[in-house]
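Q:
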Amino acid sequence: MRFEVITHESGNQTVLVPRGTAEPPKPAKRKGTVAWYVPYTAVHPATAESAPRDAVWIDVSNSDIAYYVALLDIWKRGETFALLEHDVLCRPDIIQEFEDCPEPWCLYGYDSMCHPQCQEAWRNQLGCTRFRSELIAVVPDALSSIPADNWDWHEMCNGVGENLRAAGFTHHWHHPPAEHHRETHRI
Ligand SMILES: [Zn+2]
Ligand SMILES: [Zn+2]
2 MRFEVITHES GNQTVLVPRG TAEPPKPAKR KGTVAWYVPY TAVHPATAES APRDAVWIDV
62 SNSDIAYYVA LLDIWKRGET FALLEHDVLC RPDIIQEFED CPEPWCLYGY DSMCHPQCQE
122 AWRNQLGCTR FRSELIAVVP DALSSIPADN WDWHEMCNGV GENLRAAGFT HHWHHPPAEH
182 HRETHRI
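Residue numbers for the sequence shown, in the numbering used here: 2 to 188.
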């Protein structure tokens, strides 16, 4: 990824991070029971091609807490939903397993994980994760009760995870892991 630092006449500077020019695909009519969302700051073609056709893309590039606000809004709707982050690739078997698995909180690890035994440290990750409506109904304040210090997208997943665990829920890993391209390719 290329970055650009612009120096203004005043001497102050602006950092420009390119977002790419691609627009997200228009969501098709909902196909399954899971509402899919793709929070994004850039549209990566590989992710766009892999994402469920009925996924709603949410531009969260406006602020570091935009992802939190998006999730707060999704949570309020109370329906079963899944997240695919913009640097993760979806697969047909992922879509199917998220439809079928009765567990309330399901997720895929990433193929970029260093060692299998390190996976558990990322159990709160949201990059390819599905929550069922039954869980949301039990913990309706899982998002709204997160303190403002943890609204930043780096911290938010742990705030959600800790609130769900405090309510007695446990994550359910699915396999094989999802491909995590980490925005390393050009956009
Ligand atoms: Zn599951
Ligand atoms: Zn490791």
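Glycine included, each C-beta is placed from N, C-alpha and C at the ideal position.
Judging by CA-CA distance, which residue of Gln-118, Pro-28, Glu-50, Leu-144 is the nearest neighbour of Cys-78?
A: Counted from its first residue, the sequence shown places residue 78 at position 77. Inspection of the sequence shows that residue 78 is occupied by Arg rather than by Cys. Checking every option, the nearest Cα to that of Arg-78 belongs to Leu-144.
Q: Per DSSP, what are the beta-bridge partners of Glu-5 in this structure?
A: Indexing the sequence shown from 1 puts residue 5 at position 4. DSSP output for Glu-5 lists Leu-17 as bridge partner(s).
Q: From Asp-65, Arg-131, Phe-170, Leu-136, pick the residue whose C-alpha is nearest to that of Gln-97; which is it?
A: Taking the sequence shown and counting its residues from 1, the one referred to as residue 97 is at position 96. Gln-97 has its Cα closest to that of Arg-131, out of Asp-65, Arg-131, Phe-170, Leu-136.
Q: Under the assumption that Leu-136 contacts Leu-165 (Cβ atoms under 8 Å), give the Cβ distance between them as a whole number of angstroms.
A: Here residue 136 refers to the residue found at position 135 of the sequence shown. Here residue 165 refers to the residue found at position 164 of the sequence shown. With 8 Å as the limit, Leu-136 and Leu-165 qualify as a contact, their Cβ atoms being about 7 Å apart.
Q: How many Å lie between Trp-37 and Glu-10 at the Cα?
A: Counting from one through the sequence shown, the residue named residue 37 turns up at place 36. Counting from one through the sequence shown, the residue named residue 10 turns up at place 9. C-alpha separation (whole angstroms): 45 Å.
Q: Here's the rule: buried if 16 or more other CB atoms are within 10 angstroms of the residue's CB, otherwise exposed. What is Glu-80?
A: The residue given as residue 80 occupies position 79 in the sequence shown. Exposed, since its Cβ has fewer than 16 Cβ neighbours within 10 Å.
Q: Would you grab the beta carbon distance between Ala-23 and Ala-47 for me? Rounded to a whole angstrom, and I think it's under 8 Å.
A: Along the sequence shown, one-based indexing puts residue 23 at 22. Along the sequence shown, one-based indexing puts residue 47 at 46. Contact doesn't hold; Cβ gap of about 11 Å is too wide.
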